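Working notes, beginning with the structure itself.
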Amino acid sequence: MYKLVSSLHTQHFSEEFINKISSSYVKINIEKFNTGEKFIWVSKEISNKDKIILIHPLFPSPNESIIELLMILDYFKEKNISDVIFFSPFIPYLRSDKKLTPNSSLGARFISSILNNDIFSKIITIDAHSFKFQKYSDKIFNLDLTKEFAASADNIIDRSKVNFVVSPDLGGSIRAEKLAEILNIDFYILNKSRTNGKVSVTESGQIPKTNGHIIIVDDIIDSGKTIFEAAKLLHNYSSKILLFTSHVLNETNLLKISDQLSFVDFEMSKCASINGRMSKISEKLLIEFLQI
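In this note's numbering, the protein residues as written are 28 to 319.
Right under this line is the structure:
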């Protein structure tokens, strides 16, 4: 059993999760001075003899959350605490895995350098945008939601009809192909481009019309523009569209587009995080990973 140390209140976790994972819960309190500077304090004593799992979401306020994490790491260092398992369902900056200009910073390397420290023995996240970040550290474990998507889809789609999986862009093609392989159906990749902030999505190959389901799978919904354009295009080929996404970064935008896309079935129960909030699926995957 672990000592669960978290900046989140216990109400953010299910009772089952806390009972399975933790023999003790320690709250990290984060407070702010009038100047805007922060400080942390813990509700119970922690020692270097404790087996610790730290849950500290790095979203929806990534820059502030990273400063808070650095303060937590400084506290652990003071207490000579190491071999800590760190979990955040979504890790910001990992999508910045290529330079925009020759002289620009590299976000994935930046956040990896913070996480790859002497205190964390394992860094766990779910469906990171790019797999390239793992080259920066062998401590990072990327949990996969594909099997969860497949189990849910299998209960919805009609196997007697033609169904297929679509990735809205090349970046999500690995997930789409893996989901299609599990379901034993075809998959297609759309072409996405941006011009002056406007997203356009077009076919990259001939997509068949079907009376079955088209399953869209993507890792992140932020502005929602990509999903919106992809769903509109695919509606020409089927009236039944099923959407799986790993992380909803902006729930307000999602609600807006879902109102406009009444023909899309949004499977939100399978998200790892919504606005940074940890989901029951996140809890399930973490428990399975830790083999509790």
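Beta carbons: idealized from backbone N, C-alpha and C, even for Gly.
None of these values were measured; they are calculated from a predicted model.
Check this for me: beta carbons of residue i and residue j, under 8 Å apart or not?
{"i": "V226", "j": "E204", "result": "no"}
{"i": "R202", "j": "T173", "result": "yes"}
{"i": "K259", "j": "G239", "result": "no"}
{"i": "L96", "j": "F117", "result": "no"}
{"i": "V192", "j": "F214", "result": "yes"}
{"i": "L276", "j": "I248", "result": "yes"}
{"i": "H36", "j": "K47", "result": "no"}
{"i": "S34", "j": "K307", "result": "no"}
{"i": "K188", "j": "T237", "result": "yes"}
{"i": "S179", "j": "E294", "result": "yes"}
{"i": "I93", "j": "I141", "result": "yes"}
{"i": "S115", "j": "T152", "result": "yes"}
{"i": "I45", "j": "I67", "result": "no"}
Assuming residue i and residue j are in contact, meaning their beta carbons sit under 8 Å apart, how far apart are those beta carbons, in whole angstroms?
{"i": "D246", "j": "D154", "result": "5 Å"}
{"i": "N280", "j": "G303", "result": "Actually they are not in contact, since the Cβ atoms of N280 and G303 sit about 14 Å apart, beyond 8 Å."}
{"i": "L197", "j": "I216", "result": "6 Å"}
{"i": "N130", "j": "S109", "result": "About 36 Å; that fails the 8 Å criterion."}
Sorted by chain position, which residues of the same chain lie with C-beta nearer than 7 Å to residue i's C-beta, five sequence neighbours on each side aside?
{"i": "F290", "result": "H262, S266 and I268"}
{"i": "I184", "result": "N190, G239 and H240"}
{"i": "Q233", "result": "none"}
{"i": "K59", "result": "K65"}
{"i": "N18", "result": "Nothing can be reported for residue 18: it is not among the residues displayed for the chain, which extend from 28 to 319."}
{"i": "S200", "result": "S194 and I216"}
{"i": "D145", "result": "S109"}
Closer than 6 Å by C-beta to residue i: which residues in its own chain qualify, once you throw out the five before and the five after it? Chain order, please.
{"i": "I167", "result": "I150 and Q161"}
{"i": "F113", "result": "L81, F147 and I150"}
{"i": "I79", "result": "K30, V32 and V111"}
{"i": "S51", "result": "K30"}
{"i": "L270", "result": "I243, V291 and F293"}
{"i": "M28", "result": "S50"}
{"i": "I301", "result": "V275 and E278"}
From the DSSP output, read off the bridge partner residues of residue i.
{"i": "I55", "result": "V69"}
{"i": "L270", "result": "I243 and F293"}
{"i": "D181", "result": "Paired residue(s): none; D181 is not in a bridge."}
{"i": "M28", "result": "DSSP lists no partner for M28."}
{"i": "S33", "result": "K54 and I82"}
{"i": "N169", "result": "T152"}
{"i": "V189", "result": "BP columns for V189 are empty, so no partner."}
{"i": "S250", "result": "The partner list for S250 (beta bridge, DSSP) is empty, contrary to what the question assumes."}
{"i": "R221", "result": "V226"}
{"i": "F114", "result": "I82 and I151"}
Suppose the cutoff is 8 Å on Cβ atoms and the five residues either side in sequence are ignored; what does the same chain contact list for residue i look like?
{"i": "P89", "result": "P119 and Y120"}
{"i": "T253", "result": "P195, D196, K219, V226, V228 and D245"}
{"i": "D181", "result": "L210"}
{"i": "K106", "result": "I73, S74 and N75"}
So, does the CB of residue i fall closer than 8 Å to a CB anywhere in chain B?
{"i": "T253", "result": "Of the chains in the structure shown, none is chain B; there is only one protein chain."}
Start-end ranges of the beta strand (DSSP E) lying completely within the region 126-156, minimum 3 residues
The beta strand (DSSP E) runs of length 3 or more contained entirely in the region 126-156 are, from start to end of the chain, 147-153.
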